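J.: Residue 1 is where the sequence shown starts when you use full-length UniProt numbering, and the numbers rise one by one after that.
Ideal Cβ placement from N, Cα and C applies to all residues, glycine included.
Please read these numbers as outputs of a predicted model, since none were measured by experiment.
Supplied in structure tokens, the structure appears directly below.
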Amino acid sequence: MVYDVIIKNARIPQGDDTVITNILVKDEKIAGFLDNVVGIEAKEVIDANGHLTLPGCIDSHTHFMYQGFPHRENFLTGSAAAARGGITTVIDMPCCSVPSARSVEQLKLKIELVEPQALVDYAMWGGVTGEDVREGWLHNVKEQADFGAVAFKVYMTPSVPTYPRVSDPEMYEAFKAVAETGLPIGIHAENFAMCDYFVKKFQREGRMDGPAWAEARMELAEKVAIQLGISFAEDTGARLHIVHMSTGIGAKLVGEAKARGLNVTSETCPHYLTLNYQEAMTKYGPLAKIAPPLREKKDNEMLWEGLNNGSVDFIATDHAPYEIESEKHKKGMNIWTAFPGIPGVETMVPIIVSEGYNKGRISLSKMVDILSTNAAKHYGLYPKKGAMHIGSDADFTIIDLEKRWTIDLKDQASMCGYTPLEGMELKGKVVKTIVRGHLVFEDVEGSTLKDLSDEELQRIVHKYPEGVEERYSEIFKEFPNLHSQEYEKSYRKEHPELIDQHIRGIKGIKVRPGFGKFVKRQSIQVLPRTITY
Ligand SMILES: [Zn+2]
């Protein structure tokens, strides 16, 4: 047999040890592992050079802002950032598009629009909001689940205008509807009344400094929100998932709930493990503004501990870029009115490698679990994704564990022009990203994106695929052009050439836009509850 690809000299994890092997790929799937490939034929050889080769890493919490907010990001730039960061599959959130994705029709539209842009594989979160409860649209939950959405997101606090928050009783109704699907319900866990009251109080008191944002949206607001979520999960049997958990106390609560036998899980983000609000919000102000906010050094340490004891299940990024000119540093904007969000998909893997594994905070097997396997299982993508088994998709993240480098804005593929992680010195870098046996990213200057013509960029980035307006005429009637108000007022709307320039400047991409494929949820899987105190 002639194989499609041999990935040579791959150092793959075996528990907490590694072995060097050669990985055979046929039809985009792993076809075998061989110590010696003399006499084995393949159409292509990719050399891993003895570097650590992980099952493709997954970022299960991205906001790629397409369609509707193309001044912030699109699926091409977002997935290019993912590829550069060693992420082979993203799971995109339902809220940051126009319209938001809360029905099968809206999900299908979103997939059709992002398909020509995607560079890595992608699955989709489903949506459920307060409006869906009030309007009697909860039948959409099961339909989205049957279609292949992996989970459902609810917001306890207001975020995107097209994605209304849930009141507490509405959240209870949403839990009941999602419980019937067997899929996780991810909550943005901040108590609305607490956040609203203290933000207004701090504003009255004249606080305009960066740290005020974090102090107003205090730890207690997340704590009581998680407690309410756990109570609802206990009552309804829903699989509660705490997205972007920021506090150490949150990890403690999730751990206790698991120990009681509840299906409660959580993720945290690299920034909650490495940054604290006192330093970052003083230095960066609105550019470090996120919700939930950055916390304290004690939370960094408690969240690492949570990863180790099993109360935090995996890492995701909450990648949410905004446009500096119109949404972060617009004239007259302040810490209260700037939009909350930072990027992350490009730096997640290297930060966990550098600050976690290379500094001895987590073991190799733990790193594989929290960057790849656990998210794949939790969202029903395993073992197609998140596994190095024969028959699994041939997705790999290849890491040079020794390489030292510094996070530099000018190399970022995301259109987000800021990050509070800038200047962070790391040991460990993604050198190659492989999706379904194809080299998608290599840490070199050259890129397929550099040569995209104006016409191609028009077709892929600035226009919708042919016939889409007719096929989704009902949606277009309600949301003409699918543009957000924020886009209409943005800087890049007036300067679309900046988007093209940015795309052509992205380095190291080896495939063409449209390579990435939509991945449906394969099955329903529940992560084992392993708590080790
Ligand atoms: Zn988010």
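Helix, strand or coil for Gly-15 per DSSP?
T.: Correct three-state label for Gly-15: coil.
J.: Would you mind stating whether Ser-392 and Lys-403 have Cβ atoms separated by less than 8 Å?
T.: Taking 8 Å as the Cβ cut-off, Ser-392 and Lys-403 do not qualify as a contacting pair.
J.: Whose C-alpha, out of Ala-177, Val-19 and Gly-186, is nearest the C-alpha of His-244?
T.: The option with the nearest alpha carbon to His-244 is Gly-186.
J.: Taking the alpha-carbon of Gln-412 as reference, which of Ile-226, Thr-129, Cys-57 and Gly-505 has the nearest alpha-carbon?
T.: The shortest Cα separation from Gln-412 among Ile-226, Thr-129, Cys-57 and Gly-505 belongs to Gly-505.
J.: Hey, would you say Val-154 sits closer than 8 Å to Asn-191, going by beta carbons?
T.: Their beta carbons are not under 8 Å apart, which means Val-154 does not touch Asn-191 by this criterion.
J.: I'd like the list of long-range same chain contacts for Ala-375, defined as Cβ closer than 6 Å, with 5 residues on each side in sequence excluded.
T.: Within the same chain, Ala-375 has close Cβ partners Ile-58, Ser-60 and Phe-314.
J.: Could you check whether the Cβ of Val-104 sits closer than 7 Å to any heavy atom belonging to ligand 1?
T.: Checking the Cβ of Val-104 against ligand 1 gives no.
J.: Could you give the uninterrupted runs of the alpha helix (DSSP H) lying entirely in the stretch 276-352, keeping only those of 4 residues or more?
T.: DSSP runs (the alpha helix (DSSP H)) wholly in the stretch 276-352: 277-284, 297-309 and 348-351.
J.: Sorry if obvious, but does the Cβ on Met-65 come closer than 7 Å to a heavy atom of ligand 1?
T.: It does not: the Cβ of Met-65 is nowhere closer than 7 Å to a heavy atom of ligand 1.
J.: When burial is assigned at 16 or more other CB atoms within 10 Å of the CB, is Ser-414 buried or exposed?
T.: Ser-414 is buried by the Cβ-count criterion.
J.: Would you kindly check if the distance between the Cβ of Lys-507 and the Cβ of Glu-445 is under 8 Å?
T.: Contact: yes.
J.: Examine the Cβ distances between the stretch 341-361 and the stretch 281-293 and report whether three or more of them are shorter than 8 Å.
T.: A contact exists between the stretch 341-361 and the stretch 281-293.
J.: Do you know offhand how far Lys-510's Cα is from Ile-434's?
T.: One C-alpha to the other measures close to 10 Å.
J.: Quick check on the DSSP output: the beta strand (DSSP E) that includes Cys-57 runs from which residue to which?
T.: It spans 57-62 - the beta strand (DSSP E) in which Cys-57 sits, taken as one unbroken run.
J.: Any heavy atom of ligand 1 inside 7 Å of the beta-carbon of Met-468?
T.: It is worth fixing the name first, because residue 468 is Val in this sequence and not Met. Checking the Cβ of Val-468 against ligand 1 gives no.
J.: Expressed to the nearest angstrom, what Euclidean distance is found between the alpha-carbon atoms of Val-160 and Pro-13?
T.: C-alpha separation (whole angstroms): 41 Å.
J.: Should Val-243 be listed as close to ligand 1, given that the test is whether its C-beta is under 7 Å from any heavy atom?
T.: Yes, Cβ of Val-243 sits closer than 7 Å to a heavy atom of ligand 1.
J.: Here's the rule: buried if 16 or more other CB atoms are within 10 angstroms of the residue's CB, otherwise exposed. What is Met-281?
T.: Burial call: buried.
J.: Return helix, strand or coil for Trp-213, following the three-state DSSP convention.
T.: Of the three classes helix, strand and coil, the one that applies to Trp-213 here is helix, per DSSP.
J.: For His-271, is the beta carbon positioned less than 7 Å from some heavy atom of ligand 1?
T.: Answer for His-271: no, Cβ out of range of ligand 1.
J.: For the stretch 80-92 against the stretch 478-496, are there 3 or more C-beta pairs whose distance is under 8 Å?
T.: Result no; under three Cβ-Cβ pairs closer than 8 Å.
J.: Kindly indicate which residue of Val-178, Ile-475, Thr-448 and His-438 has the alpha-carbon position closest to the one of Asp-47.
T.: When each option's Cα is compared against that of Asp-47, the closest is His-438.
J.: Based on the DSSP output, what are the partners of Asn-22 in its beta bridges?
T.: According to DSSP, which records beta bridges pairwise, Asn-22 is partnered with Leu-34.
J.: Hey, could you find the ends of the alpha helix (DSSP H) Phe-69 is sitting in?
T.: Taken as a continuous stretch (DSSP letters only), Phe-69 belongs to no alpha helix (DSSP H), as it is neither H nor E.
J.: Could you pull the DSSP bridge partners for Ala-123 from this structure?
T.: Its beta-bridge partners are Ile-91.
J.: Can you find at least 3 beta carbon pairs, one from the stretch 25-43 and one from the stretch 70-82, that sit closer than 8 Å?
T.: Judged by Cβ distances under 8 Å, the stretch 25-43 makes no contact with the stretch 70-82, as fewer than three pairs qualify.
J.: Between Pro-116, His-51, Ala-316 and Pro-496, which has its C-alpha nearest Arg-459's C-alpha?
T.: With distances taken between Cα atoms, Arg-459 lies closest to Pro-116.
J.: Phe-396 bridges to which residues according to DSSP?
T.: In the DSSP output, where bridge partners are listed per residue, Phe-396 has Pro-55 and Ile-434.
J.: Does the distance from the C-beta atom of Val-120 to that of Val-440 stay below 8 Å?
T.: In this structure, Val-440 lies closer than 8 Å to Val-120 by Cβ.
J.: Just tell me which of Ala-179, Tyr-379 and His-502 has its CA closest to the CA of Gln-522.
T.: For Gln-522, the nearest C-alpha among the options comes from Tyr-379.
J.: Closer than 8 Å, CB to CB, is Glu-470 near chain D or not?
T.: Protein chain content of the structure displayed is limited to a single chain, and chain D is not contained in it.
J.: Cβ-heavy atom distance between His-51 and ligand 1 below 7 Å?
T.: Not so, every heavy atom of ligand 1 lies at least 7 Å from the Cβ.
J.: Taking 7 Å as the cut-off, does the CB of Ala-320 come closer than this to any heavy atom belonging to ligand 1?
T.: For ligand 1, at least one heavy atom lies less than 7 Å from the Cβ of Ala-320.
J.: Measuring CB to CB, does Val-114 end up less than 8 Å from Phe-75?
T.: Yes. Within cutoff.
J.: Could you check if Glu-222 is buried or exposed, using at least 16 other CB atoms within 10 Å of its CB as the buried criterion?
T.: Counting Cβ neighbours within 10 Å, Glu-222 comes out buried, since at least 16 surround it.
J.: Which runs of the alpha helix (DSSP H) at least 4 residues long sit entirely within the stretch 435-477? Give them in chain order.
T.: Here the runs fully enclosed are 454-457 and 468-471.
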